[in-house]
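**Student:** In this note's numbering, the protein residues as written are -8 to 291.
All residues carry an ideal CB built from backbone N, CA and C; glycine is no exception.
Just so you know, these numbers come straight off a predicted model, no measurement behind them.
1. Here's the rule I'm using: 16 or more other beta-carbon atoms within 10 Å means buried, otherwise exposed. How should residue 4 be labelled?
2. Run through DSSP, which three-state label would residue 139 get?
3. As a quick exercise: from 56, 197, 120, 134, pick the residue whose alpha carbon is nearest that of residue 113.
4. Output the distance between the C-alpha atoms of residue 196 and residue 101, rounded to the nearest integer angstrom.
5. Rounding to the nearest angstrom, what Cα-Cα distance links residue 282 and residue 130 in this structure?
6. Taking 6 Å as the cut-off, is the CB of residue 178 close to at least one heavy atom of the ligand MG?
7. Across the stretch 120 to 128 and the stretch 157 to 169, are there enough close Cβ pairs to call them in contact, namely three or more that are closer than 8 Å?
8. Return the chain-ordered ranges of every alpha helix (DSSP H) run that is complete within the stretch 2 to 49 and spans a minimum of 4 residues.
9. What first and last residue would you give for the beta strand (DSSP E) that runs through residue 207?
10. Go through its chain and collect everything with a Cβ distance to residue 210's Cβ below 7 Å, but skip five positions before and after it.
11. I'd like to know whether the C-beta atoms of residue 31 and residue 57 end up nearer to each other than 7 Å.
12. Specify the secondary structure class of residue 202 as computed by DSSP and reduced to three states.
13. What's the gap between the Cα of residue 39 and the Cα of residue -1?
Structure follows, in structure tokens:
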């Protein structure tokens, strides 16, 4: 029969290298330690150690059993901490967002995991409609989306706002709407909506619709659209999160505009759910960090 205590005794024996020290650490008798090891060997039907007088060496099965035991107890601790909804720094979080958000939010979360080993985050990059469906089916606990969602089973609240940037090739010398129309538009899944909002606010007398622009291409991966801009193929409008994390920052620039427009990010969760406090710490921590950084836009 499986007995976790036998594995615990075996781990301690390997760590101390001594039956005597193991007995002392676990407050057992030395014969009791030997009995645990024999019963574990019997359960696994494999010898785990080779005794050499008062010392021993691990067999191949013993090395594999030790690695398994370490993983077993680590997962046990993680599970135990995960049951504590009041814990800020341990347990599992299941989050989904579009790529434009995850480009910076996911690295922030990885930093939190480095500081708190008992925190586990399963993060998925998905489109808005996919996030809604998967939340309803229980695959995620929270979702971050770029448009408001009305659904009887979900709550949707404003979480964070990021400025939109009109991004052009670094050597682009124009500034008028006609200049932009001359180089064409590069689209992605939210591109049309973002461009409509930003251009309408900044060129109110001239702008009519994005249908008047020559469309130079489309990608469903927002992080790649700036590669096309860097190659001089057109302009686009993206969240500052995308611009700040782009490897093509030096090959593009954000035009200075008089009227700023934000991309609003919404937090989605099931209406009947009670979120553990660790979610609040992650969400508030990222939001606060972005407000404190106040990273300036790239100059024209």
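**Tutor:** Taking the geometry as given:
1. As a working note, residue 4 is residue 13 in the chain shown. Buried is the call here.
2. Taking the chain shown and counting its residues from 1, one reaches residue 139 at position 148. Coil, per DSSP.
3. Numbered from its first residue, the chain shown carries residue 113 at position 122. Out of 56, 197, 120, 134, 134 has the C-alpha closest to the C-alpha of residue 113.
4. To locate residue 196, count along the chain shown from 1; it is residue 205. To locate residue 101, count along the chain shown from 1; it is residue 110. Taking the straight line from one Cα to the other gives about 45 Å.
5. For the purposes of this step, residue 282 is taken as residue 291 along the chain shown, with counting starting at 1. For the purposes of this step, residue 130 is taken as residue 139 along the chain shown, with counting starting at 1. Approximately 30 Å between the Cα atoms of the pair.
6. Absence of the ligand MG from the depicted structure is noted, as is the absence of any ligand whatsoever, leaving it without description.
7. no
8. 10 to 17, 21 to 35
9. Within the chain shown, residue 207 is the residue found at index 216, counting from 1. That run of the beta strand (DSSP E) goes 206 to 209.
10. Here residue 210 is taken as the residue at index 219 of the chain shown, counted from 1. Only 179, 216 meet the Cβ criterion.
11. Working through the chain shown from its first residue, we reach residue 31 at position 40. Working through the chain shown from its first residue, we reach residue 57 at position 66. Taking 7 Å as the Cβ cut-off, residue 31 and residue 57 do not qualify as a contacting pair.
12. Walking along the chain shown from the start, residue 202 turns up at place 211. In this structure, residue 202 counts as helix in the three-state DSSP scheme.
13. On the chain shown, position 48 is the one that residue 39 refers to. On the chain shown, position 8 is the one that residue -1 refers to. Those two C-alpha atoms are separated by around 14 Å.
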